[in-house]
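To start, the structure under review is shown below, and the notes come after it.
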Amino acid sequence: TLDSVNSLIDDLKSKNVEVYFKNMNATDANKRGFVVDELKSFGDIHVKVLLHSLAFGSLRPIIDTSIDNTIQQRQIEMTLDVMASSIIYWTQDLFQAGLLKRGSQIFGMTSSGGRRQWKTYGAISAAKACLESYCRQLAFELSAHGIAANAIQAGVTKTPALYKIPENEKMIKLALQLNPGNRLTLPEDVAKTIALLGLSGNSWLTGNTIRVDGGEDITG
């Protein structure tokens, strides 16, 4: 996917946006520290938007007739750490560094899978539920600082990650049947919402799971 990343960087630079791209493991504590230190070195700045969107987890069943096919403890722990707990560590480090200030916005990308079940989706479902809980807790603890935290629940979205989910064809078919808009959610749908909220100074809208799905979830 690096070609598409480079294309995005070129597009942003053509609009006079200064870009710093880090191709790194976002759950590595040392690398996180390097990024935070680099941000601090820029002087009196603050992080306006922290978007947590890590789609890397184990897609294995919890129960199977063959134990070799079932998800293992290390895979469950990895999925929870990457897709949920890492939002806490990034928030803690950025806050302690003085980079999250009044008006900052934190977003965690969740899905309806946080409260619905799909074969092989058990660990990711748990991680999404955990992420939503973390967003509520961050909203609670950061409210006094004027910092908002919300989870964004996109509909079934047309991204490369979707096509890695086993039986994604059935998931897509069901989403198209349920969605009043008769289409899948697009990355642009989600981006517009994050831009609208993220660039605002409204920290009173916080602690929510905001659906960006064209009404898909309300008919499910």
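Numbered continuously in the numbering used here, the sequence shown closes out at residue 1594.
The beta-carbon is built from N, C-alpha and C at its ideal position, and this holds for glycine as well.
Values in this document were obtained by computation on a predicted structure and should not be read as measured data.
- Closest option to residue 1581, judged by alpha-carbon separation, among 1540, 1575, 1517, 1418: 1517.
- Taking 3 residues as the minimum length, the beta strand (DSSP E) runs contained wholly in the region 1492–1549 are 1522–1528, in order along the chain.
- Of all alpha-carbon atoms in 1467, 1565, 1416, 1386, the one lying nearest the alpha-carbon of residue 1404 is that of 1467.
- Note on geometry: alpha-carbon atoms of residue 1525 and residue 1423 lie some 13 Å from one another.
- The C-alpha of residue 1477 lies about 8 Å from the C-alpha of residue 1574.
- By a beta-carbon distance limit of 8 Å, residue 1529 contacts residue 1559. Their separation comes to about 4 Å.
- If you look at residue 1585, you'll find it isn't in any alpha helix (DSSP H); it sits in the beta strand (DSSP E) that goes 1583–1586.
- With contacts defined by Cβ atoms closer than 9 Å, residue 1541 and residue 1502 do not form a contacting pair.
- Within its own chain, the residues whose Cβ lies closer than 7 Å to the Cβ of residue 1427, once the five positions on either side in sequence are excluded, are 1483, listed in chain order.
- A direct Cα-to-Cα measurement between residue 1469 and residue 1398 gives close to 21 Å.
- Secondary structure remark: continuous alpha helix (DSSP H) runs of at least 4 residues inside the region 1418–1446: none found.
- If you draw a straight line from the Cα of residue 1409 to the Cα of residue 1544, it is about 40 Å long.
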